[in-house]
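Participant: Take a look at the following structure, please.
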Amino acid sequence: MENNNNNNAHRLFPEDPVSRVKALRSILEDKGLINQESLDLILDTYQNKIGPINGAKLIAKAWIDKTFKKNLLEKTDKVLAKLKLSGRQGEHVTVVENNAKTHNLVVCTLCSCYPWPLLGLPPAWYKSDAYRSRAVREPRKVLEEFNLKIPRSKNVRVWDSTSEMRYIVLPQQPEQSIGLSESDLVSWVTRDSMIGTGLAKPPEKFND
Amino acid sequence: MTRIHDMGGRLGEGKIPRENENVNFKSEWEKEVFSLTIALGFSGLWNLDASRFARESLEPVDYLRFSYFEKWLAALINLLYENGVIDDLEEKHNEQFEKKFRKLEPENVVGVLEKGGPTIREKKKRKRFEVGETVRIKNFHGNEKISGGHTRLPNYVKGRIGKIIDYHGVHVFPDTNAHFLGENPEPLYSVEFGSQELWGKNSSHPEDTVVVDIWDKYIFDDL
């Protein structure tokens with residue numbers, strides 16, 4: 001069987017993206033296929049309602065609550081469903097834990113799969129050709145560009161999100177933060193620490 | 209055979225670009241492309257695998273010169289064209305799609321986003337392999353049914369030996385689903401590959417590994 005999709009129909013449209021979207025919108029509007037309120041709601045969800053704070057709260061709780069951590073690692077989808085964190089692009093999630101021996105890093109070499117309900121939309125670099133190409137082949141060099149030098153005593157495990165399984169890293173809790181409350185810990189969990197291109201670290205205010 | 213989107217391990221890429229680190233959208237048109245793509249994704253005319261296929265089927269010259277959301281936009285136009293929503297710029301009418309088309313109404317937005325599209329299926333398909341087993345990935349030339357079709361098997365693991373470290377249940381098979389040939393759910397595993405197995409002796413660290421999600425059909429019967 002031959003694949004016969006048309007990959008050049010878009011060339012019928014204006015080249016410049018602003019005009020291109022405008023032309024597309026006017027066709028869809030004329031045909032009554034879109035509702036502006038729905039489009040606004042979609043945007044509002046990903047601009048304002050979800051973001052890395054969702055993941056950070058999970059990690060902070062996992063650091064101080066051993067039972068929660070165990071469930072988060074072993075019954076991830078159940079825990080996330082209960083917390084209403086299992087929507088689009090987060091239907092199936094695996095939490096991978098950093099420890100003294102292993103540093104985890106997440107990538108999608110084929111497109112840009114990312115756990116939206118937990119981290120929001122991916123940063124531009126995550127979607128870049130350079131990150132997608134290099135993260136699997138030379139993860140240590142990539143991490144050095146993020147000012148993260150992984151000691152030779154640790155191994156790096158890279159997770160390539162090829163299926164609908166999404167990955168989030170459970171970073172190690174920094175020594176200095178032990179004893180802090182769950183709500184204080186949330187600001188130690190950076191977005192990059194949950195992708196693996198960073199570590200959990202003190203919030204900027206902490207050192208003042 | 210591979211397509212341009214299959215980038216894992218590709219040589220020649222430079223530094224990771226770090227501009228707009230905390231910006232979801234650089235301009236208004238990007239916001240429009242995003243929300244239109246999500247809304248029309250619920251139209252029932254295509255599925256997630258088909259929309260990925262539309263993006264990766266862009267001609268390499270377009271794929272590389274387009275920004276991220278320009279790829280989404282071109283793919284969306286192509287999908288609308290393939291489904292008869294757009295015939296040409298003259299807007300000839302095609303009633304075929306209208307029977308299938310579901311318009312996303314505001315009262316349904318929160319619900320559909322929260323529900324998402326789980327790909328796990330109850331169907332009992334026996335898994336051929338167990339966690340802990342060593343397996344070899346097939347070395348086929350892309351999609352086995354459709355020449356040039358969609359696949360989620362990255363080129364860099366083809367023919368390589370890895371170890372199954374996790375089992376995720378039975379999931380929709382993208383290679384058929386993208387072409388509306390059925391979901392054909394398949395057992396899904398996480399397979400771990402040593403860096404030297406993938407990249408040779410010059411790999412960054414012999415203990416480093418890459419884990420890839422692999423459907424049962426992507427694995428050879430024997431090593």
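Quick note, the sequences are listed as chains L and X, same order.
Numbering of the first sequence is given in the working numbering, commencing with residue 1 and proceeding in unit increments.
Numbering of the second sequence is given in the working numbering, commencing with residue 209 and proceeding in unit increments.
Backbone N, C-alpha and C fix where the C-beta goes; we use that ideal spot for every residue, glycine too.
Which same chain residues end up closer than 7 Å to Ser19(L) when comparing Cβ atoms and leaving out the 5 residues on each side of it in sequence?
Facilitator: Numbered from its first residue, the first sequence carries residue 19(L) at position 19. Answer for Ser19(L): no residue qualifies.
Participant: For the candidate residues His103(L), Asp40(L), Phe146(L) and Leu28(L), whose alpha-carbon lies nearest to that of Glu229(X)?
Facilitator: As a first step, residue 229(X) is located in the second sequence; it is residue number 21 there, counting from the start. Comparing Cα positions, the closest option is Phe146(L).
Participant: When we look at the beta-carbon of Gln173(L) and count the other beta-carbons within 10 Å, is it buried (16 or more) or exposed?
Facilitator: Indexing the first sequence from 1 puts residue 173(L) at position 173. Classification for Gln173(L): buried.
Participant: At 3 residues or longer, what runs of the beta strand (DSSP E) sit wholly inside the stretch 144-183 of chain L?
Facilitator: Runs found: 155-160 and 165-170.
Participant: I'd like to know if Gly87(L) contacts chain A, where contact means its C-beta is closer than 8 Å to some C-beta of that chain.
Facilitator: Of the protein chains in the structure, L and X, none is chain A.
Participant: Straight-line CA distance for Arg344(X) to Arg368(X)?
Facilitator: Your numbering for residue 344(X) matches position 136 in the second sequence. Your numbering for residue 368(X) matches position 160 in the second sequence. Using only the alpha carbons, I get a separation of about 6 Å.
Participant: For Lys371(X), does the three-state DSSP call read helix, strand or coil?
Facilitator: Residue mapping note: residue 371(X) aligns to position 163 of the second sequence, counting from 1. In this structure, Lys371(X) counts as strand in the three-state DSSP scheme.
Participant: For Glu352(X), go through chain L and note every residue whose CB falls closer than 8 Å to its CB, in chain order.
Facilitator: Translated into the one-based positions of the second sequence, residue 352(X) becomes position 144. Those within 8 Å of Glu352(X) in chain L number zero; the least Cβ separation is about 10 Å.
Participant: Please list the partners that His349(X) has in chain L, where partner means a Cβ-to-Cβ separation under 7 Å.
Facilitator: Mapped onto the second sequence, residue 349(X) falls at position 141. Within 7 Å Cβ-Cβ: nothing; His349(X) doesn't reach chain L, min ~13 Å.
Participant: Closer than 7 Å between beta carbons: that is the criterion. Which residues of the stretch 402-413 of chain X meet it against chain L?
Facilitator: Answer set for the stretch 402-413 of chain X: Trp407, Ser412 and His413.
Participant: Using the beta-carbon of each residue, which ones in chain X are nearer than 9 Å to Glu145(L)?
Facilitator: Position 145 of the first sequence, counted from the start, is the residue given in the question as residue 145(L). Within chain X, the residues near Glu145(L) are Lys223, Ile224 and Arg226.
Participant: Output needed in chain order: residues of the stretch 152-186 of chain L with a Cβ under 8 Å from some Cβ in chain X.
Facilitator: Cβ contacts with chain X: Arg152, Asn155, Val156, Arg157, Val158, Trp159, Asp160, Ser161, Thr162, Ser163, Glu164 and Met165.
Participant: Once DSSP output is grouped into helix, strand and coil, what is the label at Tyr276(X)?
Facilitator: Counted from its first residue, the second sequence places residue 276(X) at position 68. Note: Tyr276(X) maps to helix in three-state DSSP.
Participant: Return helix, strand or coil for Ile195(L), following the three-state DSSP convention.
Facilitator: In the first sequence, the residue the question calls residue 195(L) occupies position 195. Helix.
Participant: What span of residues does the alpha helix (DSSP H) with Asn385(X) cover, start to end?
Facilitator: To locate residue 385(X), count along the second sequence from 1; it is residue 177. Element bounds for Asn385(X): Pro382 to Asn385.
Participant: DSSP state of Tyr397(X), grouped into three classes?
Facilitator: Translated into the one-based positions of the second sequence, residue 397(X) becomes position 189. Correct three-state label for Tyr397(X): strand.
Participant: Report the CB separation of Phe401(X) from Val365(X) in whole angstroms; it is logged as a contact under 8 Å.
Facilitator: As a working mapping, residue 401(X) is identified with position 193 in the second sequence. As a working mapping, residue 365(X) is identified with position 157 in the second sequence. Going by Cβ atoms, the distance from Phe401(X) to Val365(X) rounds to 6 Å, so yes, they are a contact pair.
Participant: Within 10 angstroms of its Cβ, does Gln304(X) collect 16 or more other Cβ (buried), or is it exposed?
Facilitator: On the second sequence, residue 304(X) is found 96 positions in, with the first residue counted as 1. Exposed.
Participant: Pull up the distance between the alpha-carbon of Glu394(X) and that of Pro52(L), whole angstroms please.
Facilitator: Residue numbering aside, residue 394(X) sits at position 186 when the second sequence is read from its first letter. Residue numbering aside, residue 52(L) sits at position 52 when the first sequence is read from its first letter. So the two alpha carbons sit approximately 32 Å from each other.
Participant: Would Val378(X) count as contacting chain L if we go by Cβ distances under 8 Å?
Facilitator: Counting from 1 along the second sequence, the entry for residue 378(X) is found at position 170. So no, Val378(X) is outside the interface.
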